[in-house]
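The structure under discussion appears below in the form of structure tokens.
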Amino acid sequence: MSTNRQAAASSRWRAPVLFAILAVLFLLEGTVRNAMFSGSWNTSLAILNMGLISAITALGVNMQWGYAGLFNAGVVGFLALGALAPILISLPPVEGAWAAGGPRLMAALLAGLGTLALASMAWHRLRAGRGLAVTLILIAGFVIYRWLFDPAVTAIEANNPARHGNIGGLGLPILLSWLVGGIFAAAAAWAIGKVALGLRSDYLAIATLGIGEIIVAVLRNEEWLARGVKNITAIPRPVPYEVQLQRNPEFVEFAQSWGFTAATGSGVWVKLGYMSLFLVVLLTLILLAQLALNSPWGRMMRAIRDNETAAEAMGKHVTARHLQIFVIGSAVIGISGAMMVTLDGLLAPSSYNPLRYTFLIWVMVIVGGSGNNWGSVLGAVLIWFLWIKAEVWGPALIGLLTLPLPDGGLKSHLLSGSPHMRFIAMGLVLLLVLRFAPRGLVPER
Amino acid sequence: MSVTATTPAETAAAAADAAHFLSATAMRGGYGKADILHGCTLNVDKGQIAVIVGPNGAGKSTAMKAVFGMLPLREGRVTLDGEDITGLSPQDRVRKGMGFVPQVHNVFPSMTVEENLEMGAFIRTGDIAATMEQVYELFPILRTKRRQPAGELSGGQRQQVAVGRALMTRPRLLMLDEPTAGVSPIVMDELFDRIIEIARSGISILMVEQNARQALEIADIGYVLVQGTNRYTDTGAALMADPEVRRTFLGG
Amino acid sequence: MDILNALVAILNYVVIPATAYGAQLALGALGVTLIYGILRFSNFAHGDTMAIGTAITILFTWMLQSFGISFGPLPTALLALPLGIAATAVLVLATDRAVYRFYRVQRAAPIIFVMASVGVMFVLNGLTRLLIGVDERRFDDGTRFVINAREFREWSGLSEGLALRGTQVLTVVVAVAVVWALFWFLNRTRSGKAMRAYSDNEDLALLSGIDPERVVRLTWIIAAGLATIAGVLYGLDKSFRPFNYFQMLLPIFAAAIVGGLGNPVGAIAGGFIVAFSEVAVTYPWRKVAGYLAPDWQPAGLLQLLGTEYKFAVSFVILIVVLLFRPTGLFRGKSV
Numbered sequence: 001m002s003t004n005r006q007a008a009a010s011s012r013w014r015a016p017v018l019f020a021i022l023a024v025l026f027l028l029e030g031t032v033r034n035a036m037f038s039g040s041w042n043t044s045l046a047i048l049n050m051g052l053i054s055a056i057t058a059l060g061v062n063m064q065w066g067y068a069g070l071f072n073a074g075v076v077g078f079l080a081l082g083a084l085a086p087i088l089i090s091l092p093p094v095e096g097a098w099a100a101g102g103p104r105l106m107a108a109l110l111a112g113l114g115t116l117a118l119a120s121m122a123w124h125r126l127r128a129g130r131g132l133a134v135t136l137i138l139i140a141g142f143v144i145y146r147w148l149f150d151p152a153v154t155a156i157e158a159n160n161p162a163r164h165g166n167i168g169g170l171g172l173p174i175l176l177s178w179l180v181g182g183i184f185a186a187a188a189a190w191a192i193g194k195v196a197l198g199l200r201s202d203y204l205a206i207a208t209l210g211i212g213e214i215i216v217a218v219l220r221n222e223e224w225l226a227r228g229v230k231n232i233t234a235i236p237r238p239v240p241y242e243v244q245l246q247r248n249p250e251f252v253e254f255a256q257s258w259g260f261t262a263a264t265g266s267g268v269w270v271k272l273g274y275m276s277l278f279l280v281v282l283l284t285l286i287l288l289a290q291l292a293l294n295s296p297w298g299r300m301m302r303a304i305r306d307n308e309t310a311a312e313a314m315g316k317h318v319t320a321r322h323l324q325i326f327v328i329g330s331a332v333i334g335i336s337g338a339m340m341v342t343l344d345g346l347l348a349p350s351s352y353n354p355l356r357y358t359f360l361i362w363v364m365v366i367v368g369g370s371g372n373n374w375g376s377v378l379g380a381v382l383i384w385f386l387w388i389k390a391e392v393w394g395p396a397l398i399g400l401l402t403l404p405l406p407d408g409g410l411k412s413h414l415l416s417g418s419p420h421m422r423f424i425a426m427g428l429v430l431l432l433v434l435r436f437a438p439r440g441l442v443p444e445r
Numbered sequence: 001m002s003v004t005a006t007t008p009a010e011t012a013a014a015a016a017d018a019a020h021f022l023s024a025t026a027m028r029g030g031y032g033k034a035d036i037l038h039g040c041t042l043n044v045d046k047g048q049i050a051v052i053v054g055p056n057g058a059g060k061s062t063a064m065k066a067v068f069g070m071l072p073l074r075e076g077r078v079t080l081d082g083e084d085i086t087g088l089s090p091q092d093r094v095r096k097g098m099g100f101v102p103q104v105h106n107v108f109p110s111m112t113v114e115e116n117l118e119m120g121a122f123i124r125t126g127d128i129a130a131t132m133e134q135v136y137e138l139f140p141i142l143r144t145k146r147r148q149p150a151g152e153l154s155g156g157q158r159q160q161v162a163v164g165r166a167l168m169t170r171p172r173l174l175m176l177d178e179p180t181a182g183v184s185p186i187v188m189d190e191l192f193d194r195i196i197e198i199a200r201s202g203i204s205i206l207m208v209e210q211n212a213r214q215a216l217e218i219a220d221i222g223y224v225l226v227q228g229t230n231r232y233t234d235t236g237a238a239l240m241a242d243p244e245v246r247r248t249f250l251g252g
Numbered sequence: 001m002d003i004l005n006a007l008v009a010i011l012n013y014v015v016i017p018a019t020a021y022g023a024q025l026a027l028g029a030l031g032v033t034l035i036y037g038i039l040r041f042s043n044f045a046h047g048d049t050m051a052i053g054t055a056i057t058i059l060f061t062w063m064l065q066s067f068g069i070s071f072g073p074l075p076t077a078l079l080a081l082p083l084g085i086a087a088t089a090v091l092v093l094a095t096d097r098a099v100y101r102f103y104r105v106q107r108a109a110p111i112i113f114v115m116a117s118v119g120v121m122f123v124l125n126g127l128t129r130l131l132i133g134v135d136e137r138r139f140d141d142g143t144r145f146v147i148n149a150r151e152f153r154e155w156s157g158l159s160e161g162l163a164l165r166g167t168q169v170l171t172v173v174v175a176v177a178v179v180w181a182l183f184w185f186l187n188r189t190r191s192g193k194a195m196r197a198y199s200d201n202e203d204l205a206l207l208s209g210i211d212p213e214r215v216v217r218l219t220w221i222i223a224a225g226l227a228t229i230a231g232v233l234y235g236l237d238k239s240f241r242p243f244n245y246f247q248m249l250l251p252i253f254a255a256a257i258v259g260g261l262g263n264p265v266g267a268i269a270g271g272f273i274v275a276f277s278e279v280a281v282t283y284p285w286r287k288v289a290g291y292l293a294p295d296w297q298p299a300g301l302l303q304l305l306g307t308e309y310k311f312a313v314s315f316v317i318l319i320v321v322l323l324f325r326p327t328g329l330f331r332g333k334s335v
């Protein structure tokens with residue numbers, strides 16, 4: 001019944017009105033300075049840029065969930081894999097790193113992959129004693145892999161450890177690395193999808209939860225790869241640096257003509273540059289997604305989602321289709337992961353927290369309207385805005401609510417605990433939307 | 001009796017209902033918007049075996065579900081022993097003395113035979129040992145397998161567990177939805193013998209059967225359903241003798 | 001003598017920790033598997049249920065300690081445990097009433113329940129942080145060691161020490177008692193059998209007059225109890241940090257799936273399989289090798305995988321089971 005009511009209310013103006021409200025929020029953030037808004041264009045645009053990246057992540061999740069009903073609980077891992085691409089592709093090569101252990105490292109990785117391939121081949125080809133054969137292959141492969149891998153890693157990590165100690169990048173353009181980020185994530189998605197798809201729907205959720213944790217663990221601990229928790233900074237930018245702009249008299253004049261100081265103006269200019277790039281990627285992806293959705297392939301996808309049994313009976317290979325969409329969705333998530341480190345200019349593996357990077361994205365998708373690309377964008381930017389502002393609004397709200405309370409233990413406890421309130425708030429938002437408006441803010445047509 | 005104002009027609013209907021132990025009259029209903037039952041009537045007397053036969057899609061199983069309250073009725077009423085039970089839930093009907101054996105998924109597979117029987121008697125409060133003893137006497141094989149999980153038994157044995165489970169509530173009416181589906185002919189004969197035995201103990205039986213001939217042989221009354229309505233209603237023997245019924249529904 | 005030293009080292013560094021950890025995982029996996037069997041979804045909020053149950057128990061422990069109450073050689077938390085379980089059960093029942101029951105009535109798809117459990121996870125996570133903060137907390141008091149490494153060395157004359165902590169013994173004893181009670185309940189009582197019947201065949205359970213809401217309530221209460229006990233034992237054995245409990249979700253799910261989702265015996269076996277693999281794979285075997293083959297001087301630590309990758313072990317086990325036997329080793333619910 002609630003769905004009927006929603007369908008009736010979802011007129012064609014619904015989405016434009018909601019996007020307009022969202023735009024007003026960002027305008028207020030940029031212009032009005034009070035208890036609720038910062039009045040800084042730099043803050044407003046910073047939130048918007050991260051919101052746009054989240055929108056791309058949400059788009060990827062929406063492809064998996066909205067088009068195919070697949071629950072990816074490892075979004076954080078695919079984001080982190082994507083984040084690796086700018087490091088390996090666009091960072092300048094580290095002097096001496098390749099010489100120290102590069103070829104040996106490559107050999108180790110090839111040996112590892114070869115072992116898996118050989119084991120899989122043995123399993124399919126052999127009949128008698130294949131369990132034993134596969135076990136032996138895996139053990140031997142592991143020993144060879146470690147024999148190749150360990151010295152290579154030690155050598156690379158010993159190479160100028162204070163500044164580098166990592167394998168370094170290829171020095172290629174940063175925009176190329178976004179694509180590569182998508183490919184990294186797609187490869188991982190293919191492997192995990194091969195195993196977990198075609199089983200119960202929860203199994204994919206659990207398996208992706210696992211792969212997510214492991215990818216983040218790899219990023220945290222493999223210092224040769226991306227310096228682990230020592231972080232990688234100074235990732236190349238696709239836009240100019242603020243200092244460069246501030247040194248350019250023409251720009252300073254231009255900024256002043258708009259009423260900005262050089263410092264503020266340069267920040268806004270850089271952020272606008274990022275915003276345009278992100279918008280291009282986002283709109284291209286949406287365009288491609290919409291074209292795909294309206295193609296015979298997309299219709300089949302939706303047919304499968306709406307009635308898996310019937311589609312199967314009609315000869316549609318459900319699991320193979322699911323694998324396709326899972327890989328594509330993960331690739332989109334990977335692209336957004338690469339974009340995110342590009343925006344931050346920094347890879348800090350310890351910040352990859354599943355609550356923030358997996359489940360918050362889910363809140364965005366569900367709130368926006370699963371199955372609807374524009375809904376995902378709206379949900380992502382809105383939820384991101386609220387998530388950031390909740391840091392400011394939460395304590396203010398608690399302060400207001402606890403005003404009548406006497407100063408003391410309880411009040412100070414509540415005030416100090418207020419940053420945690422946003423987890424509760426997001427959980428409640430998810431639960432309320434799921435229950436009372438399961439089709440989200442912008443329902444699927 | 002005459003104090004409440006009732007129309008003659010209602011009185012007559014009530015009298016007719018009271019005459020039968022189970023009476024389901026003029027049932028109309030279905031799952032979605034389209035009705036599957038179009039005025040179907042089923043009556044069973046005390047200790048009688050009633051069999052519903054008919055072609056695929058005739059609404060046989062649907063009629064059973066309607067009688068058991070698993071399907072909302074738009075029209076018609078169901079009475080048991082003169083009491084109107086049209087509005088009761090299946091669980092409440094079990095309490096009123098109806099037992100139902102679904103066609104599939106009719107045992108608890110990971111539980112032992114004995115536990116299956118215990119679960120059958122879940123709503124009873126008193127001692128159930130005597131009833132369990134009766135079930136074991138009816139189906140001796142279950143006694144020997146009573147510690148085995150029901151899911152590990154053969155198809156015929158599982159059906160016995162299913163019937164036994166339904167008997168544990170000491171029902172006055174036992175409803176069986178295709179009890180012989182998927183079992184061998186020998187096991188089928190065996191099951192029919194047991195069903196006759198159950199009926200002799202005074203329990204009324206209402207069942208749907210695919211094996212129409214064999215079922216009508218043991219039927220006191222047979223209902224031939226076509227497209228949700230009664231086409232023929234007669235004693236089992238009379239239906240078997242009717243050339244028209246034989247030709248259309250029993251394959252010659 | 002060296003073989004004895006090697007055995008003691010294995011016992012000390014692998015068998016004892018893995019047994020305690022396995023017992024904790026088994027209790028967690030039992031909760032997950034019971035909810036799966038009855039409510040038919042993978043509860044992503046289980047890790048955070050453990051966390052909040054533990055947090056509540058810690059608060060009660062502090063309260064008891066502030067009254068000057070202690071439990072002699074045993075940790076005070078054990079006294080607070082029943083209070084913690086009761087509070088968690090109330091919380092979890094309220095969650096069911098407010099969240100899950102709606103979808104049950106609707107007969108929603110399992111994945112919707114999973115999604116709802118993610119929402120519950122967020123809320124519980126936030127509540128735990130609000131209640132006790134995000135810092136690491138130790139709350140074990142009472143006797144530290146049952147066997148002390150130094151005393152063991154003096155007593156046995158071996159060069160290798162053996163330490164057995166009180167919390168490890170406690171974990172195993174409590175887990176055995178809880179599992180025994182649970183199986184007694186499931187196999188011997190009317191309510192327990194009704195739960196199994198409902199898990200086996202929901203429709204037939206309804207026809208048999210089993211009240212589904214009662215079964216669901218019972219399941220939540222038991223799951224809350226198992227989660228709190230598992231969480232408190234883990235917290236006593238290691239320490240309490242809310243995020244660790246979220247991370248335990250993966251090994252717990254792996255344990256439940258390895259054993260066959262919905263199968264309680266499988267959950268226990270799965271817990272120990274995961275725990276022993278995890279500890280054995282991340283333990284540096286160099287020391288043991290040194291005792292057994294003194295002439296061999298291996299270059300590395302003989303550690304198959306760094307401890308930071310212990311979750312990879314659960315994951316690999318999970319993948320292997322999904323590849324070769326998706327219903328689990330002990331045949332759980334169908335795939």
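Protein chains in written order, with full-length UniProt numbering: chain A, 1 to 445; chain B, 1 to 252; chain C, 1 to 335.
All residues carry an ideal CB built from backbone N, CA and C; glycine is no exception.
- Thr219(C) is positioned such that its CB atom lies closer than 8 Å to that of Ile35(C).
- DSSP places Glu178(B) in the coil class of the three-state scheme, outside both helix and strand.
- Thr125(B) carries a coil assignment under DSSP once its states are collapsed to helix, strand and coil.
- With fewer than three CB-CB distances shorter than 8 Å, the segment 303-323 of chain A does not count as touching the segment 178-186 of chain A.
- Between Val392(A) and Gly379(A), the gap from beta carbon to beta carbon reaches 8 Å or more.
- Going by beta carbons, Asn372(A) and Gly131(A) fall outside the 8 Å limit.
- Pairwise C-beta distances place the segment 42-54 of chain B in contact with the segment 215-225 of chain B, as three or more of them are shorter than 8 Å.
- Approximately 6 Å separates the beta-carbon atoms of Leu45(A) and Met275(A); this is inside 8 Å, confirming the contact.
- Per the DSSP secondary-structure output, Thr208(A) pairs with nothing in a beta bridge.
- Neighbours of Lys193(C) in chain B, taken as residues whose beta carbon is under 8 Å from its own, are Met111, Glu115, Glu118, Met119 in chain order.
- For Ile123(B), the chain C residues whose C-beta falls within less than 9 Å of its own C-beta are Ser208, Gly209, Ile210, listed in chain order.
- With a 10 Å radius around the Cβ and a threshold of 16 neighbouring Cβ atoms, Trp362(A) comes out buried.
- Taken in chain order, the complete alpha helix (DSSP H) segments of 4 or more residues contained in the segment 384-425 of chain A are 409-417.
- Around the CB of Pro92(A), fewer than 16 other CB atoms lie within 10 Å, so the residue is classed as exposed.
- In the three-state reduction of the DSSP assignment, Thr233(A) falls in the strand class.
- The Cβ-Cβ distance between Gly290(C) and Ile85(C) does not fall below 8 Å.
- In terms of Cα proximity to Glu213(A), the closest of Leu79(A), Leu431(A), Met106(A), Ile137(A) is Leu79(A).
- Cβ neighbours of Ala269(C) within its own chain (closer than 6 Å, five residues either side excluded): Gly259.
- If you check each beta-carbon in the segment 84-112 of chain B against every beta-carbon of chain C, the ones closer than 8 Å belong to Pro90, Gln91, Val94, Arg95, Phe100, Pro102, His105, Asn106, Val107, Phe108, Pro109, Ser110, Met111.
- Closest option to Gly151(B), judged by alpha-carbon separation, among Met119(B), Ile128(B), Asn106(B), Arg172(B): Asn106(B).
- Looking at Leu83(C), Ile252(C), Gly271(C), the one whose alpha-carbon comes closest to that of Thr54(C) is Leu83(C).
- Take the alpha-carbon of Asn221(A) and the one of Asp407(A): they are about 45 Å apart.
- Cα atoms of Thr95(C) and Ala230(C): separation of roughly 20 Å, rounded to the nearest angstrom.
- The closest CA to that of Ala24(B), considering only Ile196(B), Leu71(B), Gly76(B), is found on Gly76(B).
- Around the beta carbon of Leu400(A), fewer than 16 other beta carbons sit within 10 angstroms, so the residue counts as exposed.
- Pairing Val208(B) with Met64(B) gives a Cβ-Cβ distance under 8 Å.
- Taking a Cβ-Cβ cut-off of 9 Å, Trp178(A) has no neighbours in chain C, whose nearest Cβ is about 28 Å from it.
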